[in-house]
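Have a look at the structure below, then the notes.
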Amino acid sequence: MGCQTATIKHVLCAQSQSQRCYPLAPYVTFPKDGWSSGKGGLLLDTHILPDKLQRCSDDRSWFWWSDAQFLPFNDACLFTTTSVYQPRLYRHWLPVSSIPSGRVLMYDLLSSGQMQCSIFSRTSCSVFPNVNPHPLGKMVAYCGTGEVVVMSTSGDPVYSRSRDICNAVHVHCAIANNGVSFACLKRGMGTFFLESYSLDSIMFCDDSIRCHTVCPGFVPSNNEPNIVVCKFSPDSTLLAGSSNKGYLFVVKRYQLQKLSVVCPDMTSRQLSTAQAFDFCPCSPFQIITLGTSDRQILTVNIDTGQVVVSTETEQNIDCVTFTPDGLFLAVGFHNFDIDIYDSFSLVCVHNIQMSALCQDQLPRVQALAPTVLHLSFTQNGEHLASTSCDGHLRLWRIRRMFSLQEICRDKILTCIAIHRIEELTNVPQKVKHFLQYKYF
């Protein structure tokens, strides 16, 4: 899994901002033979934090803020992180000091009996933690204590950025598909800052804005948790920021110029949670699907401001995530259930009744915070990782029909690294684009 820091930086120095970045190694598929499927497609239900890191007992009132993300084109490797809080009504939450906050872990999903966990002991976090895999498949980014870090999969820091003279806290970060554009949301001086960086030989700050100048009201709260998210568009040209106060705005990556305020201005609705939106991988930047506070799922064209398709739900929406090919959409709900939708029609094609496993976890549920925190698909969209406020990591097998083309693509990419597809001769460009997941 390891990769020399100098090698990574050499690759990124040659990477174009207008081109997608791909892993240097062949595709590693999920080891299906090593995992038997239980009720509802459940493969794994385990606590996200190993027992040796849990130094005291959970009284079922704790809120576990957790994240889990598969590495690009490596379905057998899952990065996770978590922090534990004692919720307080209309006040900032208190971290549980006896549990390490923001420790980054790596799970090798060899089989149900051989799953290995690597603990990166030098990692920590003072905010709601998240992990962001790099498109190379050799690094992950996280907001650490006093700095934002991009580290290799062996735990070595490759890039880092400490707090500046404003002493603003890094609260969320994102990596673009081009592999060299990086963004971070920071909190300080009574405001949120959005900053863009370039990953080259060093981590260079390109631009910075105060979020409330683009989206009025996008400021930290004094009496509730401040949960914010930033994401790049599939073509790496746009950057979206969201908050748990219902705001969602989009800016251009270059100079962070305002493009639109999607919520509440464009849709006349509030975003359900900070994690309740995602860009559709099938379009360069135009299409965003989001969940609103009035229990609707909307697919919006931010170029025209039109709602392309919508559907109503019975539960509050906690998070929204597309499959890498953009054909399906996973939506986590406040009652712990997860639905899989056809991304074009928003028709539900599969339901995961995780609520059946979580009836005893209802005391943890907070009105102002999500219960299903993060979702992550494997590269072919057949398996899904979920994290929830009970601190559990669960793996699910999704019932999905694959075309012969998709099956062949997986087989080809396990034999040849995707970055070498362009070198193939006598292969039509249309076929190359399909193999490279290029849809625009």
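Under this note's numbering, the residues of the sequence shown are numbered 671 to 1110, in order.
Here a beta-carbon is modelled for each residue, glycine too, at the ideal position from N, C-alpha and C.
Under the 10 Å beta carbon count, Asn-896 is surrounded by 16 or more other beta carbons and is classified as buried.
Taking 8 Å as the cut-off, the beta carbon of Val-698 is found closer than this to the beta carbon of Asn-744. Its chain contains Phe-733, Trp-763, Gln-1036 as the residues whose beta carbon lies nearer than 6 Å to that of Pro-757, once the 5 sequence neighbours on both sides are disregarded; these appear in chain order.
Looking at the DSSP output, Pro-803 shares a beta bridge with Val-810. Burial state of Leu-741 is buried, judged by a 10 Å Cβ sphere holding 16 or more other Cβ atoms. If the five residues before and after Val-820 are omitted, its C-beta is found closer than 6 Å to the C-beta atoms of Met-809, Ala-811, Val-828, Tyr-829, all from its own chain and listed in chain order. The three-state reading of DSSP puts Lys-709 in helix, counting H, G and I together. The residues Gln-985, Ser-1025, in chain order, have a CB closer than 7 Å to that of Asn-1005 in the same chain once the five nearest residues on each side in sequence are set aside.
Relative to Phe-749, the option among Asn-1021, Ser-851, Ile-789, Pro-693 whose CA is nearest is Ile-789. Shown here, Phe-1104 sits in a helix according to DSSP, grouped into three states. Contact between Ala-1000 and Leu-1045 holds, with the beta-carbon distance rounding to 5 Å and staying under 8 Å. Fully enclosed beta strand (DSSP E) runs of no fewer than 3 residues occupy 712-717, 733-741, 744-756, 773-778, 786-790 of the region 711-790, in order along the chain. Separation of His-1053 and Trp-1066 (C-alpha to C-alpha, rounded to the nearest whole angstrom) is 6 Å. Collapsing the DSSP output to three states places Pro-1033 in a helix.
For a cut-off of 8 Å, the C-beta gap from Leu-694 to Leu-855 is around 29 Å, too long to register as a contact. Contact between Asp-948 and Thr-959 is confirmed by a C-beta separation of about 6 Å, below the 8 Å threshold.
For Glu-894, no pairing in a beta bridge is given by DSSP. For Arg-1079, same chain residues with a beta-carbon under 8 Å away, outside a window of 5 residues either side, are Phe-1104, Leu-1105 in chain order. Taking 3 residues as the shortest admissible run, the region 917-990 contains the following complete beta strand (DSSP E) segments, listed from N- to C-terminal end: 918-922, 928-933, 947-949, 957-961, 966-971, 976-982. When the Cα atoms are used, Thr-752 and Asp-715 turn out to be separated by approximately 16 Å.
Take Asp-964, set aside five residues on each side of it, and the residues of its chain with a beta-carbon closer than 7 Å to its own are Arg-939, in chain order. Within the region 813-888, the runs of beta strand (DSSP E) at least 3 residues long that lie entirely inside it are, in chain order, 817-822, 827-832, 839-845, 851-858, 861-869, 873-880. Less than 8 Å divides the Cβ of Ala-946 from the Cβ of Val-990. Here Cys-885 is buried: its Cβ has 16 or more other Cβ atoms, across all protein chains shown, within 10 Å.
For the pair Ser-980 and Ile-967, the CB atoms are nearer than the 8 Å cut-off. In this structure, Asn-893 keeps its C-beta atom at 8 Å or more from the C-beta atom of Tyr-777. Annotation: His-717 to Ser-1056 spans about 12 Å, alpha carbon to alpha carbon. One thing to note: Arg-831 has its Cβ no nearer than 8 Å to the Cβ of Val-841. Counting along the chain, His-680 sits inside the alpha helix (DSSP H) bounded by residues 675-683. A direct Cα-Cα distance of roughly 9 Å separates Phe-700 from Gln-1049.
Here the alpha carbon of Asn-847 sits roughly 5 Å from the alpha carbon of Arg-690.
When secondary structure is reduced to three states using DSSP, Thr-1057 falls in the strand class.
Around the CB of Pro-1040, 16 or more other CB atoms lie within 10 Å, so the residue is classed as buried. Spatial neighbours of Thr-675 in its own chain (CB-CB distance under 7 Å, excluding positions within 5 residues in sequence) are listed in chain order as Ser-822, Asp-826, Val-828. Under the 10 Å beta carbon count, His-804 is surrounded by 16 or more other beta carbons and is classified as buried.
Listed in chain order, the non-local C-beta contacts of Glu-982 below 7 Å within the same chain comprise Arg-965, Gln-966, local neighbours out to five positions each way being set aside.
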